[in-house]
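Residue numbers (full-length UniProt numbering): 1 to 1206.
Note that CB positions come from ideal geometry on N, CA and C, so glycine has one too.
Remember, predicted model here, so these are calculated numbers, not experimental data.
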Amino acid sequence: MIEYSVAPKGRSRQEASESLLPPDIAWIEGRCFSFFRSIVSVLLIIATGGLFLLFIRWSVRIYTLAWFKICPLESATRILIAAKPSTSPISSSKRISARVSYTLLTIEQKPTSSWKSLTHRGDRCVWKSDQDAFVWTANLLDNNGISGCPSNFLPISELNSNLLGELKHPLHGLSNAEAAVLLDCFGPNTISMAQPMLFSLILSEVISPLVLFQSASVALWCLENYWAYACAIAFITAVSIILSIRTTLSSMASLSKLANDSGIPPSIFIIRGDDQRQGSIMGPVLIPASMIVPGDLIILDHHGHGEYPIQTLPCDGILVRGEALVDESFLTGESIPITKTTANLHGHDGFEMIENSSPSLKRLQQGNIDRASLVYGGTRLLEATGGAMMRATATGSISLRGRMLKAMRYPPPLPSVDQLHIDALIFMGVLGAISIIGFVTTVALLPSNSLVALLVRAGDLITVVLPPALPASLALGTGFAIRRLAQRGIICTAGVMNSGGSGNTIGSPINVAGRVQMVLFDKTGTLTEDSLDVLWVSEAKNSSNHSGVVRLMQVGSSPSSSRIRGALATCHTLRMLGGNLVGDPLDVTLFTWSGWNMEYNTHGLAQIVVTSGNPSKLPSPGDQVRLAVVRAWPFCPLLRRTTVIVKRISPNANSAHSSEQSHAPSSSLQVFVKGAPESLLALCDPTSVPESFLETTLPAWTRRGYRVILFAGGMLPLSSSSWVAAQRLTRAQAEEPKGQLRFLGAVVLVNSVKRGSWETIARLTKAGLAVGMATGDHAVTAAAVAQQVGIIASDDDHNDGVIDARSRPVAVLSGSGFWVNERNEAIRPVNDDSFGCVSKGSGFSSMLLPVPPGYVPVVSGGDALAAYLKAIDSDPSLSLIDGPVRVFARLSPDDKRLLVESMTATGAVVAFCGDGANDVAALQVADVGISLSTSTDSLVAPFCSTGDDPRCVLDVLIEGRGSLGVSFACFRFMALYSMIQFTVVSLLYTWGMNLSDGQFIWQDLFVILPLATAIARMRPGSGGLSSGRLPGRLVDPSVLVAMLVQIVLQILLLFLLYAISVRIFPPHAQILSVCASDDLSAFEGNMLNSSIFLFSNFQYLLMALIFGTWPPFQEPVYANFLMVGLILALIVCNFSILLSCETSLMSTLFGTVDLPSVFRIGVISGLIVLDVALSIFLDSLITPMIISLFHRKKKRNDKLSAITVS
């Protein structure tokens, strides 16, 4: 049972440190309605005209403070929840934290229920008064979550106190009363993915700050009769909202369909116990699948219950009887049938309580039992035999399927995305401050007799400085990039779940991909082919000169009855289904190579029968060998081996006779074990292992990147040589027959490296990105492949996918903190501080670098990974991204998640590329997850490739850099546009003037919007993965300096033109009287207005040319035919307006007046030429010099900081 600390009664806050809440909750706080606070809030809403209501709607924390007060959890009606941003072990000194999100929930309690509960992101928590705390229902389960006894995960006082003693038998079912209590506590066996209401989605979009600002701008323009541009912006805003809502509904509909259309039958047969608990069993009962609760005993073998066959498992559970063949492709993405066997928990009738075990035994049992006997909801049941039954252990949202769907629905916040959001807010905030200054200045200086007219004209400045077209241009840029990726077979799946609205384009996954600093790859199926090919099989045989020396002899390809082939044919969990072999592809490969045949022993007690070769091709029937598998222990990830007990039977024996022979005592019962070298050699008799195998042969194979599987065998003693006795054996007893197992031989397989792996790694490395590998494979094999593809520099180039045996040796970091070689021997003595790690006191303190010279450093999962992360965290001079370790091996899915999360917590932008279910957690927490699969589990990754070529990573990063460059270009262009137009309007306001509607329409609709669209359409350049790197922030000097320099230049030129125009053409009294009138649509053409309008037209074109691209990450302007054609067309149009401004057509359209030809050609054209020359000079020479000074100063400061820290 889980031990909980007793909290003080009447508390209002519950922390995550008590281990009662879901892992993504930091704390919860009790709240109840406050009459006083509500009165104050209502008064503030009235006083601010409703603005305060909008303000509190934007922040859950402020909304809670406005209406609710803190109260004890026990009496609370609302619960304020703070979600954890990260669970990484990296300390705050090296961490850039993501934002903390808050949620306010209403406590649920049905009239007929005795439980108070709350549901946060699908996780249900119930109130336990004895602990004065809310407890996550998953924490009511047993520590291991795998016990077949319901009472193990029910510390609930309402249950019968005798339940523990009465349900030790695995086939006892719950009573109806107990099931009702459990259903009340855990809730129905459903996964809630209900779609949000359309009205709430529309409301959340409409009241967002950006949409409100755009709406206010449209209303302001309508007051000024500026209908054309107002309608255009209103249309763009409406389309953006519709697309955002449509995408959200589509994504939620897909998840809801995934949750509901699981193929689970509506009704399930279960075993119910007697309510009186008098030892009788009520028998099979048909109940709705949604009513299943943890502890229910579910009938899987539907023989006799054919009306309701189970094709999809309804929940997680443990197999307590029989055998089942399941397809877990829903979880793994790989359609590999897996055999599940009865949980072998010894005790009462073969059942033992797991919580009575020691911690080490618990881990062993979990590794042995979970994998072999655990089944998961949502997986397909292909076949159930032997009266198969399962005990439900997790239902609804706490099942594995529920947790997976939750991960898809609620991806964790990423620090890198948050930083982009913050920068965008800073950028817009600065522009907003400028607009407020202009607003105040206008109110103070603008001549007007009407306050409304004065406020409207002053409000124009705010809409000018904060351009409503900016979000549309950003959305176009990311949309074009995502479309180009889709054309290459790469689907962006995480637009809404990760961004959160129509105005949040800057944080789109495609933009984050442009800032990647580290790329981690899985190995099998990602860098290497998923399938394994047999290179050769070697068999251990005694030397022919009777010297007693055992040698490895290569086995030929023709069928043989040797023991190694018998082990190949039987040591697996393959099954025949529809005449085809189903199971692990590796087992299929090995069995096919053996040349044996398989048949089901449908009437006997043996599981399968295998026969050597084809009887028609054998010299005599006596040459044929038949082996019956009478007991099998599937592959255990903790032990890293598979074990079977087989019996040799007569070639002509029928099934019934085989059954009888299986019962007869015989010495022919033998054990075959298949597994990893480090696991199997520990079981073998040392004298049976060939000389130099450990020192020479095995290291040579592994260093070449080969996968090596060893086989061992032995005879069982006579006392265990019957079927009944074999069923009573434990795995440990079977693997230790008399005289230990003898080494039989080895199978050498190769994972061919994909053709695209070398190119991908080479280009990433050339681009200056850190590249690493995170795999569950052996450290030596992982290091070999890393050298082969170029992650680690090798002494030899690759040759046909094989690394030469002279490749660099491997140094593996042990859990104790020292570097060890392939034989687990310390590379240097412990007292040598030159290498390895040093333990100070009782803790692991730091790692002393460099690693042993000449070795490839590899960090394994588990304790070694934890030690490495602790060393990185404790030493400021060490970096997890730029450190020497590039290969991480023997990683579990949780290890991969921990590694990636620790990297992202340091502020680095990390991409992870994987292909299977063991990569789901890492794909989810990575800044950029790229899955080489489109299976259900891959939906957690922002990018999914329809192919399996790792070169898709290059496409994502190149398009990401291009999209991010577009975002920066749009920001800079729009900032220049805003400041130019702000200056124009401010200068005209000094005389009470403004641009005409026609002038605004021309510049906004026919100049700015087309140019912004052309900029957004910029494709990535040929140097998309050059060694340079885009700035990581909008406030980076390389973004701001160029923009500020051009802003100053353009404003100075406008002031110069203004001064010249006023001096030559001072506005007369009639113009001033019209401008000072309260008629917002009144306009009188004049020379000052015309000259500034004509000149600013060319300023916008020049800024588009300068800031329209970001080489080398985007194509040059001349390569964008749309941009070139548009600029040429606008140049022609602007010169036409300039040269014919006095015509009636131009006067009607734009309100221009006749300007002297000398002024048009001498002053305006001269300023245009001067602007072009100065802009190019500043952008190509002065701006790079200033940016270089900033970078040198930053490097100098960083160097001084590092010296100070050291």
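Query raised in the report: Nearest to S1090 by alpha carbon, out of I1164, T760, I70, L201?
Result: If you number the sequence shown from 1, residue 1090 lands on position 1090. The option with the nearest alpha carbon to S1090 is I1164.
Requested in this report: Determine the burial state of S502: buried for a count of at least 16 other Cβ atoms within 10 Å of its Cβ, exposed for fewer.
Outcome: By 1-based counting over the sequence shown, the position of residue 502 is 502. Bear in mind that the predicted position of S502 carries a pLDDT of just 46, short of 50, making it too unreliable to give a figure here.
Query - Terminal residues of the alpha helix (DSSP H) in which W991 lies - result: Here residue 991 refers to the residue found at position 991 of the sequence shown. W991 -> no alpha helix (DSSP H), and no H or E assigned at all.
**Report entry** Beta-carbon spacing of L73, R11 below 8 angstroms
**Finding:** Here the question's residue 73 lines up with position 73 in the sequence shown. Here the question's residue 11 lines up with position 11 in the sequence shown. It is a contact, given that the beta carbons lie within the stated cut-off.
Query raised in the report: Would DSSP call K647 helix, strand or coil?
Result: By one-based count along the sequence shown, residue 647 stands at place 647. Reduced to three states, the DSSP call for K647 is strand.
**Report entry** Runs of alpha helix (DSSP H) lying entirely within the region 1090-1144, each at least 4 residues, in chain order
**Finding:** Fully enclosed alpha helix (DSSP H) runs of 4 or longer: 1121-1139.
Query - Simplified DSSP assignment, three categories, for Q14 - result: Residue 14 sits at position 14 when you count from the first residue of the sequence shown. The answer is strand: DSSP assigns Q14 an E or B state.
Query - Opening and closing residue of the beta strand (DSSP E) in which V750 lies - result: Taking the first residue of the sequence shown as 1, we reach residue 750 at position 750. It spans 742-750 - the beta strand (DSSP E) in which V750 sits, taken as one unbroken run.
Requested in this report: Specify, as a first and last residue, the run of the beta strand (DSSP E) that residue 1207 falls within.
Outcome: The question about residue 1207 has no answer here: the residues shown for the chain are numbered 1 through 1206.
Query raised in the report: Under the three-state reduction of DSSP, which class applies to A712: helix, strand or coil?
Result: Position 712 of the sequence shown holds residue 712. In the structure shown, A712 sits in a strand (DSSP, three-state: E or B).
**Report entry** Helix, strand or coil at L271 [DSSP, three-state]
**Finding:** Position 271 of the sequence shown, counting from 1, holds the residue named residue 271. For clarity, residue 271 is Ile in the given sequence; the question names Leu instead. Three-state result, I271: strand.
**Report entry** Straight-line Cα distance separating E529 from P717
**Finding:** Residue mapping note: residue 717 aligns to position 717 of the sequence shown, counting from 1. Residue mapping note: residue 529 aligns to position 529 of the sequence shown, counting from 1. Straight-line measurement puts the Cα of E529 at about 43 angstroms from the Cα of P717.
Report task. Going by CA-CA distance only, name the one from S967, P1116, A1012 that's closest to P1031. Result -> For this step, residue 1031 is matched to residue 1031 along the sequence shown. Residue S967 is the option with its Cα nearest to P1031.
**Report entry** DSSP-derived helix/strand/coil call for N176
**Finding:** Taking the sequence shown and counting its residues from 1, one reaches residue 176 at position 176. Note: N176 maps to helix in three-state DSSP.
Query - Inter-residue spacing [alpha-carbon to alpha-carbon] between S208 and L118 - result: On the sequence shown, position 208 is the one that residue 208 refers to. On the sequence shown, position 118 is the one that residue 118 refers to. Answer to the nearest angstrom: the Cα atoms are 28 angstroms apart.
Requested in this report: List the endpoints of the continuous alpha helix (DSSP H) containing V211.
Outcome: Within the sequence shown, residue 211 is the residue found at index 211, counting from 1. Looking at the DSSP string, the run of the alpha helix (DSSP H) that includes V211 is 209-223.
Query raised in the report: How many Å lie between N654 and E599 at the Cα?
Result: Taking the first residue of the sequence shown as 1, we reach residue 654 at position 654. Taking the first residue of the sequence shown as 1, we reach residue 599 at position 599. Here N654 scores only 48 on pLDDT, less than 50, and its place in the model should not be relied on; the value that follows carries that caveat. About 12 angstroms.
Query raised in the report: Do the CB positions of R707 and L680 come within less than 8 angstroms of each other?
Result: Here the question's residue 707 lines up with position 707 in the sequence shown. Here the question's residue 680 lines up with position 680 in the sequence shown. Contact: no.
Query raised in the report: Can you round the beta-carbon distance between D522 and D915 to whole angstroms, since I take them to be within the 8 angstroms contact cut?
Result: The count along the sequence shown starts at 1 and reaches residue 522 at position 522. The count along the sequence shown starts at 1 and reaches residue 915 at position 915. The Cβ separation is near 6 angstroms, so the contact holds.
Query raised in the report: By how many angstroms is the C-alpha of P284 removed from the C-alpha of D301?
Result: Within the sequence shown, residue 301 is the residue found at index 301, counting from 1. Within the sequence shown, residue 284 is the residue found at index 284, counting from 1. Their backbone Cα atoms lie some 12 angstroms apart in a straight line.
Report task. Reducing DSSP to helix, strand and coil, say where I62 ends up. Result -> Numbered from its first residue, the sequence shown carries residue 62 at position 62. Here I62 sits in helix by DSSP.
Query raised in the report: Helix, strand or coil: how does DSSP classify Q517 here?
Result: Reading the sequence shown from its first residue, position 517 is the one you call residue 517. In the structure shown, Q517 sits in coil (DSSP, three-state: anything other than H, G, I, E or B).
Query raised in the report: How many angstroms separate the CA atom of M1123 from the CA atom of V1117?
Result: Looking up residue 1123 in the sequence shown gives position 1123. Looking up residue 1117 in the sequence shown gives position 1117. Straight-line Cα distance between these residues: approximately 7 angstroms.
Query - Of the residues E205, C185, P857, S1061, the one placed nearest N821, counting alpha carbons only - result: Residue numbering aside, residue 821 sits at position 821 when the sequence shown is read from its first letter. Closest by alpha carbon: P857.
Query raised in the report: Alpha carbon to alpha carbon, how far is G489 from I510?
Result: Working through the sequence shown from its first residue, we reach residue 489 at position 489. Working through the sequence shown from its first residue, we reach residue 510 at position 510. Each residue's alpha carbon lies about 15 angstroms from the other.
Query - For K116 and L140, the rounded distance between their alpha carbons - result: By one-based count along the sequence shown, residue 140 stands at place 140. By one-based count along the sequence shown, residue 116 stands at place 116. About 15 angstroms.
Query raised in the report: How would you write the range of the beta strand (DSSP E) that D123 sits in, first residue to last?
Result: Within the sequence shown, the letter at position 123 stands for residue 123. Where D123 is concerned, the enclosing beta strand (DSSP E) stretches over 123-128.
Report task. Take the Cβ of residue 1207 as the centre, count every other Cβ of all protein chains shown within 10 Å, and call the residue buried at 16 or more, exposed below. Result -> Outside the shown range of the chain (1 to 1206) lies residue 1207, about which nothing can therefore be said.
Query raised in the report: Is the distance from the Cβ of G322 to the Cβ of A394 below 8 angstroms?
Result: Numbered from 1 along the sequence shown, position 322 holds the residue referred to as residue 322. Numbered from 1 along the sequence shown, position 394 holds the residue referred to as residue 394. Contact flag unset, no.
Query - Three-state class that DSSP yields for G525 in the structure shown - result: The sequence position of residue 525 within the sequence shown is 525, counting from 1. Three-state result, G525: coil.
**Report entry** Proximal residues to L212 (C-beta, below 8 angstroms), its chain only, five neighbours per side dropped
**Finding:** Translated into positions along the sequence shown, residue 212 becomes position 212. L54, V206.
Query raised in the report: Thinking C-alpha only, which one of S256, L474, A82 is nearest I236?
Result: In the sequence shown, the residue the question calls residue 236 occupies position 236. Cα-wise, what sits closest to I236 is L474.
Requested in this report: Using beta-carbon positions only, say whether G378 and T312 come within less than 8 angstroms of one another.
Outcome: Reading the sequence shown from its first residue, position 378 is the one you call residue 378. Reading the sequence shown from its first residue, position 312 is the one you call residue 312. A contact, by the Cβ cut-off of 8 angstroms.
Query raised in the report: From what residue to what residue does the alpha helix (DSSP H) around N511 run?
Result: Stepping through the sequence shown from its first residue, residue 511 is reached at position 511. From DSSP, the alpha helix (DSSP H) with N511 extends over 509-512.
Report task. Note down, in chain order, each residue of its chain lying with its Cβ closer than 6 angstroms to the Cβ of F52, except the 5 sequence neighbours on either side. Result -> For the purposes of this step, residue 52 is taken as the residue at position 52 of the sequence shown. Closer than 6 angstroms at Cβ, skipping near neighbours: L44, I45.
Requested in this report: Alpha carbon to alpha carbon, how far is V984 from L1088? Give it in angstroms, no decimals.
Outcome: As a working mapping, residue 1088 is identified with position 1088 in the sequence shown. As a working mapping, residue 984 is identified with position 984 in the sequence shown. When rounded, the distance between both Cα atoms is 11 angstroms.
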